[in-house]
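Reviewing the structure listed below.
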Amino acid sequence: MRVTQSMLSSNMLRNLNTSYSKMSKYQDMLDSGSVISRPSDDPVVAVKGMGYRIDLDKNQQYQRNLREANTWLDTTDEALDQVGGALKRVKELIVQAANDTNTADDRQKINAEMQQIKGQLRDIANTKVGENYIFSGTHTNQPLYTDETGPQNPAITQNGAKNTIDINVFDGISMNINTSGTDLFGKIDGFMTEVTTLLQSGATGPEIGNTLGLEVTSGANKIPGLDGIYENTLTARADVGARQNRVEMMGNRLSLQEVNVTKQLSVNEDTDYAKTITEMVTQESIHQAALSVGAKIIQQTLVDFIR
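With my numbering, the residue at position 47 of the sequence shown is 591, and numbering never jumps.
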């Protein structure tokens, strides 16, 4: 086959263009820090990268969900702690009122404090996180009590506030973040109503003690109804604590997953700078050699003689 000057020129230009493309690719890799600048550069790498990014997006959403769960559980724990403190004070006041050395006026003063505690407990029952009532079950837009002295919200009672609010914290894993207060606060409010009614009636110390079942054993005061409510409060708080521990463990798991996926994404896409620089320098040397050889192969033209 006859090799013409035109063929030599065309081959040289094609090879030079290929060389320029390779150097441009290496330059893009160094500039962007990624082995691909478009999916067509390496479809396999691109598809794997999309998968890793989806995993990271889901991980970040789960971490946001966990922060929301922590807010609910921390607020619930704090509210139940306040309930426990209020019930202790209620017990102290009942024991004081049952002492027959107190006058009727003294018991009315005790009753005034009881009324305030009752209102405070209802305020706690209406605790909110943002715009959500945390003790109202799934009826988060409705308070458990309609006002400080009003009745329990009938809509919540009838529709069942024991329904749980679940939140996704991992693939296929959800957990309950709320504590229904209908039963607990209903019993508390019922007991407080009984106590304040008894005090308002002008009952004597022994009558108060007998009605409420006050018993002194080994120096300890026992009030069955109130003690039962207090134990229920401790049980609810223990349940919240267990869920807080689970949220913490799940947070650690998500953090580890984020590190692992980020590492996999980096291995899949990130530029190996040392390797890329070496390859680019090598390609530049090849390109310069091609230019030099091409200059010797291509014949001179009339333009060269005119200069």
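Where a beta carbon is used, it is the ideal one built from N, C-alpha and C, also for glycine.
Length of the line joining the Cα atoms of residue i and residue j
i    : j    : result
K731 : I773 : 7 Å
I654 : T740 : 9 Å
S745 : G725 : 29 Å
Q702 : P687 : Note that Q702 has pLDDT 45, beneath the 50 cutoff, so the model's placement of it is unreliable and no number is given.
L809 : M793 : 24 Å
S568 : D585 : 13 Å
V760 : T748 : 18 Å
S576 : I821 : 13 Å
M719 : D618 : 15 Å
D814 : S578 : 5 Å
A613 : G795 : 11 Å
R582 : A590 : 8 Å
T806 : A818 : 21 Å
T541 : Q605 : Nothing in the structure corresponds to residue 541, since the chain is present only between 545 and 851.
H831 : L798 : 49 Å
Y596 : D572 : 22 Å
F729 : Q660 : 16 Å
G716 : A780 : 26 Å
M658 : A764 : 21 Å
A623 : N646 : 33 Å
L560 : L835 : 8 Å
F679 : D816 : 54 Å
L800 : M556 : 53 Å
CB-CB length for residue i against residue j, believed under 8 Å
i    : j    : result
N676 : T682 : Actually they do not touch by this definition, with Cβ atoms about 10 Å apart.
T723 : L742 : Not really, about 30 Å apart at Cβ, beyond 8 Å.
L631 : T777 : 7 Å
D644 : G785 : At roughly 41 Å, the Cβ-Cβ gap does not stay under 8 Å, so D644 and G785 are not in contact.
L665 : V713 : With a Cβ gap of about 31 Å, L665 and V713 do not count as contacting.
N812 : G593 : 6 Å
L610 : V803 : The pair is not a contact, with the Cβ atoms about 16 Å apart (cut-off 8 Å).
Residue i (DSSP reduced to helix, strand or coil)
i    : result
A780 : helix
T740 : helix
E759 : strand
I711 : strand
D733 : helix
L560 : helix
S554 : helix
V579 : coil
D572 : helix
D814 : strand
N685 : coil
Start and end residues, alpha helix (DSSP H) containing residue i
i    : result
V588 : 587-642
I661 : 648-669
Limits of the unbroken beta strand (DSSP E) element including residue i
i    : result
A764 : 764-766
S718 : 717-720
Minimum Cβ-Cβ distance from residue i to chain D less than 8 Å
i    : result
E657 : Structure shown: chain D not included; a single protein chain is present.
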